[in-house]
Each structure stands twice: as structure tokens, then as C-alpha cells.
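Taking numbering that gives the first Met the number 0, the leading residue of the sequence shown gets 0, the next gets one more, and so forth. The beta-carbon is built from N, C-alpha and C at its ideal position, and this holds for glycine as well. For clarity, every value in this text was computed on a predicted model and none was experimentally measured.
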Amino acid sequence: MTDPNAPQPYVMPPAPQYGQTVHGPALPPKSTAAAYAFMLFTLVGVAGIQHFYLGKIGRGILWVLTFGLLGIGTVIDLFTLPSQTKTINARRAVGIR
């Protein structure tokens, strides 16, 4: 007879299907070109639109209220925007917004 209180072996959940992730369906990637276009338009207007596009709402509001951290943050974004976009695309590929 087997003991009903004995620990049961762990059973792995089924693997996600193609096009699916553990978090749900994969999301389409963001475009670096579009992010740069938003940034160039905001250099002469209100800074921060590129952050809203990438889904970084808090940073976008900070950039709008401080005019891109007085322009310094906007200049830094010129160099870091490709890596920011790659990070967002990697998160979207696994279904994380």
C-alpha cells in the first residue's frame, strides 16, 4: 500500500507553443528609427516623447517636466536609445510590457 501523505513527484508544465511565451503571446518589436524620429522632433519642442513611445511613462513625464533634464538627458539619449530599444524589444519578445 502507498502512503497518501507521501510527497508526489514534480510534474513539469507543458512547454509554450510556437509564438507563445510563458507570459502570453509575444509582442511586436519597437522600431529604433521611430524612437530616433520622435527624439529629433522633440529636440526642438518638448523632450520626452521617445520615452512614451518605448513605454517608459514615468521617465517621459520627467523629461517633459524638466525639458529633457535641461537637455543633458536628451543628449545622453542620443547614445543610449539603441540599447534602450533593444531592452524593450527583448522584454516584448517574451510577452512583458
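CB of residue i within 9 Å of CB of residue j, strictly
i, j, result
"K29", "L68", "no"
"T65", "G59", "no"
Same chain, Cβ closer than 7 Å to residue i, five either side skipped, listed in chain order
i, result
"Q83", "L53"
"L61", "none"
"I87", "K29, L53 and G54"
Secondary structure of residue i, DSSP reduced to three states
i, result
"L26", "coil"
"G47", "coil"
"R91", "helix"
"Y52", "helix"
"L80", "helix"
"A33", "helix"
"V10", "coil"
"R96", "coil"
"G70", "coil"
Same chain, Cβ closer than 8 Å to residue i, five either side skipped, listed in chain order
i, result
"I56", "H50"
"L80", "T31, A34, Y35, M38 and Q49"
Any non-hydrogen atom of the ligand GDP closer than 8 Å to residue i Cβ
i, result
"S82", "As for the ligand GDP, it is missing from this structure, which has no ligand bound."
Of the residues the options, the one placed nearest residue i, counting alpha carbons only
i, options, result
"A89", "L26, A5 and Q7", "L26"
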